[in-house]
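Using our numbering, you'd call the opening residue of the sequence shown number 286 and step up by one each time. First up is the structure itself, then whatever we jot down about it.
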Amino acid sequence: MVLDVRPEQIANEHFDLVVIGSGFGSSFFLHEFLNRRKARVLVLEWGRHNTHEWQLRQNANTDIDDESTYKTDNADKPWNYTIGLGGGTNCWFAQTPRFHPNDFKLKSTYGVGNDWPISYDELEPFYCDAEEVMSISGDPDMAGMLPRSRPFPQPPHRMSSPDKLMKAAQPEQHFVMPTARARVATPQRASCCANLRCWLCPADAKFTVNNGLMHVFQHPDVSVCLGAEVRRFDHAGGSARSVVFMNKGKEYAVSGDLFILGANAIQSPAIMLRSGLGGEFVGLGLHESYGWNFEVYLDGVDNFDGSTITTGLNFGLYDGPHRAEHAAALVYFENRWQHGMRA
């Protein structure tokens, strides 16, 4: 294990596996890969390794401004991510609802879109594996809608009073939000205190690479090169042969048998485009879910007595015949003032 190998030490070296990026996709892939086989592995990460303590002191997930790493014609729409070891695990809010079984078969069920090549049932054991890694807190009642082969690793968070009213009115549609914000403290994480600063949790209650998967990057077969901005693949015959990266203005290259591209939804297609790989659809269709915020406060009810930032998840507008013409909608119940602090 070398957590910060210098680029000069690996220039023109060959690895069994080269992993680009260190966020969710790369980390979970390596977690499973290293359990299965022995290989010489290199991880190329653009950013630094910023510990949780460093992030708290700096009040930032990273020292690289994400908006400096892309250009957009829409000044009102920032694309937020973290460049640094652990990637988006540093800045996510740790909501972890599963896809609905019908999400995998929209075409055959509602006549729109395309069916997935796999079913919910085929994916379900892997959902459980990921939830174990992240110690997900969740509501056992959800199994009636989203079948489970194993229970949630942690008990559910405490509902707010409005959630309890909704649960009484819609018992089969309203649940406690599943989340990687710990309900019960673990050896690595405190329990969630509903501080509402989930992008940089002061209690270290949410799952991150720093508190949950650092063993992957400390594995004796893994070397990590920090400050390595991958620019392109060199390829021949449709196969990548080597990868070129920048460090302090200088180019370096390493070759490999297998490459894993996990550099997020903006940087991964950018690397593909610069490499001349992937075809006409690479980089097209970047989008996200559309959201509306509504604030409703009930008289005579304690609106903020839940145990985490987002306490409720309502499926009343999610699945049904309307999906033949309209999109599904999830309704989150927030345990906070939308633009303020929780008292």
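Glycine residues also receive a C-beta, built at the ideal position from the N, C-alpha and C atoms.
Cut-off 7 Å between Cβ atoms - residues of its own chain near K491, not counting five sequence neighbours on either side: A379, A465, R466, C483
Where H385 falls: helix, strand or coil (DSSP): coil
Decide if the segment 510-524 is in contact with the segment 394-412; the criterion is three or more beta carbon pairs, one per stretch, under 8 Å apart. no
My understanding is that T596 touches F618, with C-beta atoms under 8 Å, so please give their C-beta distance in whole angstroms. 6 Å
When you compare only the Cα positions, how much space is there between Y366 and I545? Their backbone Cα atoms lie some 19 Å apart in a straight line.
Pairwise C-alpha distance: L431 and A609: 21 Å
R435 versus N387 - alpha carbon distance: 20 Å
DSSP three-state assignment for I556, whether helix, strand or coil: helix
Less than 8 Å between the beta carbons of E298 and V539, yes or no? yes
Using only CA atoms, which one of S311, R322, A296, G568 lies nearest to D506? R322
What are the start and end residues of the beta strand (DSSP E) that includes F518? 514-521
Check whether D489 and H337 have beta carbons under 8 Å apart: yes
Contact check, V509 vs V290, beta carbons under 8 Å: yes
Taking the straight line between their C-alpha atoms, what separation do you get for C478 and T357? 37 Å
Just reading off the alpha helix (DSSP H) that L546 is part of, what are its end residues? L546 -> not in any alpha helix (DSSP H); beta strand (DSSP E) instead, spanning 535-546.
Contact between the segment 563-583 and the segment 344-351 (3+ Cβ pairs under 8 Å): no
Three or more C-beta pairs closer than 8 Å, one from the segment 369-378 and one from the segment 492-499: is that the case here? yes
To the nearest angstrom, how far is the alpha carbon of G642 from that of A470? Nothing can be reported for residue 642: it is not among the residues displayed for the chain, which extend from 286 to 628.
From which residue to which residue does the alpha helix (DSSP H) around L602 run? Unbroken run through L602: none, as it is neither H nor E.
Quick one: give me the first and last residue of the beta strand (DSSP E) that Y617 is part of. Annotation for Y617: the continuous beta strand (DSSP E) segment containing it runs 616-619.
Please go through the same chain and pick out, in chain order, the residues whose beta-carbon is closer than 6 Å to the beta-carbon of G332, but skip the five residues on each side of it. The beta carbon of G332 sits closer than 6 Å to those of T347, I349, I368, G369, all from its chain and outside the five residues before and after it, given in chain order.
Alpha-carbon spacing of K449 relative to P441, whole angstroms: One C-alpha to the other measures close to 13 Å.
Leaving out the 5 sequence neighbours to the left and right, which residues in its chain are closer than 6 Å to C376 when beta-carbon positions are compared? If we look at C376 and ignore the five residues flanking it on each side, its Cβ neighbours are N346, T367, W484.
Could you pull out every unbroken alpha helix (DSSP H) segment of at least 4 residues lying fully inside the segment 356-404, listed in chain order? 391-395
With I295 as the anchor, note down where its alpha helix (DSSP H) starts and where it stops. Its alpha helix (DSSP H) spans residues 292-295.
Burial state of V328 (16 or more Cβ within 10 Å): buried
Where does F309 land, buried or exposed, given buried means 16+ other C-beta within 10 angstroms? buried
Alpha-carbon spacing of R627 relative to G576, whole angstroms: Because the pLDDT at R627 is just 49, under 50, the model does not fix this residue reliably, and the point stays unresolved.
Between which two residues does the alpha helix (DSSP H) harbouring S311 extend? Per DSSP, the continuous alpha helix (DSSP H) segment holding S311 begins and ends at 309-321.
C510 (DSSP reduced to helix, strand or coil): strand
Please state the DSSP three-state secondary structure of S353. Note: S353 maps to helix in three-state DSSP.
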